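Participant: Dropping the structure in here first, questions after.
There are 2 protein chains.
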Amino acid sequence: MGKLYLLPNLLDESLNIEDFFPKRVRNAVEEIQGLICESEKIARRYLRKFLSHDEMAKMPLTLLNEHTEDLGALIAPLKKGEVWGLISDAGLPCIADPGAKLVWLAHQNNIEVEALIGPSSIILALQLSGFDAQNFSFHGYLPRKEGELNSKILELEKKKGTHLWIEVPYRSQKMLDLLKRVLKPNTRLCVAANLTMPTQKARSQNVSDWKKDSFSLGKEPAVFLINAP
Amino acid sequence: MGKLYLLPNLLDESLNIEDFFPKRVRNAVEEIQGLICESEKIARRYLRKFLSHDEMAKMPLTLLNEHTEDLGALIAPLKKGEVWGLISDAGLPCIADPGAKLVWLAHQNNIEVEALIGPSSIILALQLSGFDAQNFSFHGYLPRKEGELNSKILELEKKKGTHLWIEVPYRSQKMLDLLKRVLKPNTRLCVAANLTMPTQKARSQNVSDWKKDSFSLGKEPAVFLINAP
Chain F
1198 MGKLYLLPNL
1208 LDESLNIEDF
1218 FPKRVRNAVE
1228 EIQGLICESE
1238 KIARRYLRKF
1248 LSHDEMAKMP
1258 LTLLNEHTED
1268 LGALIAPLKK
1278 GEVWGLISDA
1288 GLPCIADPGA
1298 KLVWLAHQNN
1308 IEVEALIGPS
1318 SIILALQLSG
1328 FDAQNFSFHG
1338 YLPRKEGELN
1348 SKILELEKKK
1358 GTHLWIEVPY
1368 RSQKMLDLLK
1378 RVLKPNTRLC
1388 VAANLTMPTQ
1398 KARSQNVSDW
1408 KKDSFSLGKE
1418 PAVFLINAP
Chain S
1198 MGKLYLLPNL
1208 LDESLNIEDF
1218 FPKRVRNAVE
1228 EIQGLICESE
1238 KIARRYLRKF
1248 LSHDEMAKMP
1258 LTLLNEHTED
1268 LGALIAPLKK
1278 GEVWGLISDA
1288 GLPCIADPGA
1298 KLVWLAHQNN
1308 IEVEALIGPS
1318 SIILALQLSG
1328 FDAQNFSFHG
1338 YLPRKEGELN
1348 SKILELEKKK
1358 GTHLWIEVPY
1368 RSQKMLDLLK
1378 RVLKPNTRLC
1388 VAANLTMPTQ
1398 KARSQNVSDW
1408 KKDSFSLGKE
1418 PAVFLINAP
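Here is the structure:
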């Protein structure tokens, strides 16, 4: 039986792989016979960090994204005994991308799955927040419509534990402004932006302190975390 | 102002650091002027993987565990400009250990905090499960008393998204037996044990398939995940 490596990607492709991946990742990329990816362009730039031009030219790529219907075709080579990798466009696969369905199918076909270590913006943000992480919930993207978004934030603020979510970069500043406006003064709010990048910034304080703060986000990718007393 | 590095630890100390940590971790350990740890014995074995005997002898260690009351004393050197590290006994600090309180205090004192990449059993288990991870909740340890534990499991099974928790190794098999008994046949259950170790095993299937399965856990450290349709 074949094997599926869940390979980490960088949170920003201009970064250095040695700074964020253990050397096992290089070994795995050198071992794979094909790569399942969200987009070919990003997959090629990823492989270029590890492989020679000739090795890259020989590597088959197949796409797994929201348009993919035939997951069975993706695991067919693994059922024949091949070793393939899976990457997402950024960070760790199978968290906020369609990779989980493929892993489920691999299990049903007794294909070995191994996950390699790399940067997870969820875990980094959680560590940097200083919030209780014995109980936490990740909510992906919150609703877009302002009324629904407001209600969702107030609902999460009432629940115990730490709650975190992501937002598309161009709405980061808007999300921060909204949180400062609707959350209670003694709720803790953390914003962790540009994680692993030289421009990384994380601030964690009560909403009352956020209101006095000029911290701005622009269109930077960010993770938002709240923890109410 | 000083700096606090959140340093990864291995999930099993017999493993090789190069396989699980990017090289940045070594650079950070070589830079720190002191280490905050959960237990001195584990901290010394950790440092031995990076430093010479002489370098180790000079490194001050301070304890942060459930008995620590004076967090202010721990960050005093950082307020004077020193660079310190924080580790937990296994895996990433500030997830299931008292480190989060220290990070919160560091933020209140404008001390820079940087989290380095390493193995997180939560994220690895989530990736290996093949369950939807756009919405997931980590619950730490569930209640110990059987009646409360049963109710908690059934409560989590009713909620949407993926739910995961840990158990002390000597109760792993008991947890698995209970889950097979109380969960609905079409609920998905994943058990990920001995993560990152040569003995790692992860199985993910419906409860009806678990009932036909002889997979046994013994006293192995495991993460349990459920996802109900």
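Read top to bottom, the protein sequences are chains F and S.
Numbering of the first sequence is given in the working numbering, commencing with residue 1198 and proceeding in unit increments.
Numbering of the second sequence is given in the working numbering, commencing with residue 1198 and proceeding in unit increments.
For each residue, glycine too, the CB sits at the ideal point set by N, CA and C.
Please read these numbers as outputs of a predicted model, since none were measured by experiment.
For my contact list, Pro1219 (chain F) and Asp1209 (chain S) are in at a C-beta cut-off of 8 Å; report their separation, rounded to the angstrom.
Facilitator: Not confirmed; about 15 Å, so no contact.
Participant: Assuming Gly1231 (chain F) contacts Pro1290 (chain F) (C-beta within less than 8 Å), just tell me the rounded distance between them.
Facilitator: Not confirmed; about 15 Å, so no contact.
Participant: When you compare the segment 1265 to 1285 of chain S with the segment 1304 to 1322 of chain S, are there three or more beta-carbon pairs, one atom per stretch, that lie closer than 8 Å?
Facilitator: yes
Participant: Which of helix, strand or coil does DSSP assign to Arg1400 (chain F)?
Facilitator: strand
Participant: In the DSSP assignment, find the unbroken beta strand (DSSP E) run with Tyr1338 (chain F) in it and report its ends.
Facilitator: From DSSP, the beta strand (DSSP E) with Tyr1338 (chain F) extends over Phe1333 to Tyr1338.
Participant: By the 8 Å beta-carbon criterion, what residues does the segment 1322 to 1333 of chain S contribute toward chain F?
Facilitator: Flagged, chain order: Leu1323, Gln1324, Leu1325, Ser1326, Gly1327, Phe1328, Asp1329, Ala1330, Gln1331, Asn1332 and Phe1333.
Participant: For my contact list, Lys1377 (chain F) and Trp1407 (chain F) are in at a C-beta cut-off of 8 Å; report their separation, rounded to the angstrom.
Facilitator: 5 Å
Participant: Run through chain F and tell me which residues come within less than 8 Å of Leu1203 (chain S), C-beta to C-beta.
Facilitator: Residues of chain F passing the Cβ test: Gln1324 and Leu1325.
Participant: Apart from the five residues on each side of it in sequence, which residues of its chain come closer than 6 Å, Cβ to Cβ, to Ala1425 (chain F)?
Facilitator: Within the same chain, Ala1425 (chain F) has close Cβ partners Glu1354 and Thr1384.
Participant: Are the Cβ atoms of Ser1326 (chain S) and Gly1288 (chain S) separated by less than 8 Å?
Facilitator: no
Participant: Pull out every residue of the segment 1273 to 1289 of chain F whose Cβ sits closer than 7 Å to any Cβ of chain S, in chain order.
Facilitator: Leu1289
Participant: DSSP three-state call for Arg1242 (chain S): helix, strand or coil?
Facilitator: Residue state, collapsed to three classes: helix.
Participant: From S:Leu1201, S:Asn1262 and S:Tyr1367, pick the residue whose C-alpha is nearest to that of Leu1302 (chain S); which is it?
Facilitator: S:Leu1201
Participant: Using the Cα positions of Glu1263 (chain F) and Gly1269 (chain F), report the straight-line distance between them to the nearest angstrom.
Facilitator: 15 Å
Participant: At a Cβ cut of 7 Å, what residues of the segment 1220 to 1234 of chain F count as close to chain S, listed as they run along the chain?
Facilitator: Lys1220 and Arg1221
Participant: Apart from the five residues on each side of it in sequence, which residues of its chain come closer than 8 Å, Cβ to Cβ, to Tyr1338 (chain S)?
Facilitator: Once the five neighbours on either side are set aside, the close Cβ partners of Tyr1338 (chain S) are Trp1362, Ile1363, Glu1364 and Val1365.
Participant: Are the C-beta atoms of Ala1390 (chain S) and some chain F residue less than 8 Å apart?
Facilitator: For Ala1390 (chain S), no CB of chain F lies under 8 Å from its own CB, so it is not counted at the interface with that chain.
Participant: Judging by CA-CA distance, which residue of F:Asp1410, F:Thr1393, F:Phe1328 and F:Pro1340 is the nearest neighbour of Ala1419 (chain F)?
Facilitator: F:Thr1393
Participant: Strictly by DSSP, which residues pair up with Glu1364 (chain S)?
Facilitator: S:Ala1419
Participant: What first and last residue would you give for the beta strand (DSSP E) that runs through Arg1341 (chain F)?
Facilitator: Element bounds for Arg1341 (chain F): n/a, residue is neither H nor E.
Participant: Could you tell me the boundaries of the alpha helix (DSSP H) in which Leu1232 (chain F) lies?
Facilitator: Where Leu1232 (chain F) is concerned, there is no enclosing alpha helix (DSSP H), although the beta strand (DSSP E) it sits in stretches over Gly1231 to Cys1234.
Participant: Among residues of its own chain, excluding the 5 on either side of Pro1395 (chain S), which ones have a beta-carbon nearer than 7 Å to its beta-carbon?
Facilitator: Counting only Cβ-Cβ distances below 7 Å, and skipping sequence neighbours, we find nothing.
Participant: Any idea what DSSP makes of Glu1266 (chain F), helix, strand or coil?
Facilitator: coil
Participant: Taking 8 Å as the CB-CB limit, is Ser1317 (chain S) close to chain F?
Facilitator: yes
Participant: Do Ile1214 (chain S) and Ile1314 (chain F) come within 8 Å of each other at the CB atom, strictly closer than that value?
Facilitator: Not closer than 8 Å, so no.
Participant: Along chain F, which residues have their Cβ under 9 Å away from the Cβ of Ala1293 (chain S)?
Facilitator: Ala1330 and Gln1331
Participant: Relative to the alpha-carbon of Leu1260 (chain S), which residue among S:His1250, S:Glu1235, S:Asp1267 and S:Ser1249 has its alpha-carbon at the smallest distance?
Facilitator: Checked all of S:His1250, S:Glu1235, S:Asp1267 and S:Ser1249; the closest Cα to Leu1260 (chain S) is S:Glu1235.
Participant: Nearest to Ser1401 (chain S) by CA position, among S:Val1388, S:Pro1382 and S:Ile1229, is which residue?
Facilitator: S:Val1388
Participant: Is Gly1427 (chain F) near Gly1278 (chain F), with beta carbons less than 8 Å apart?
Facilitator: Lying outside 1198 to 1426, the shown extent of chain F, residue 1427 (chain F) is not represented and no answer is given.
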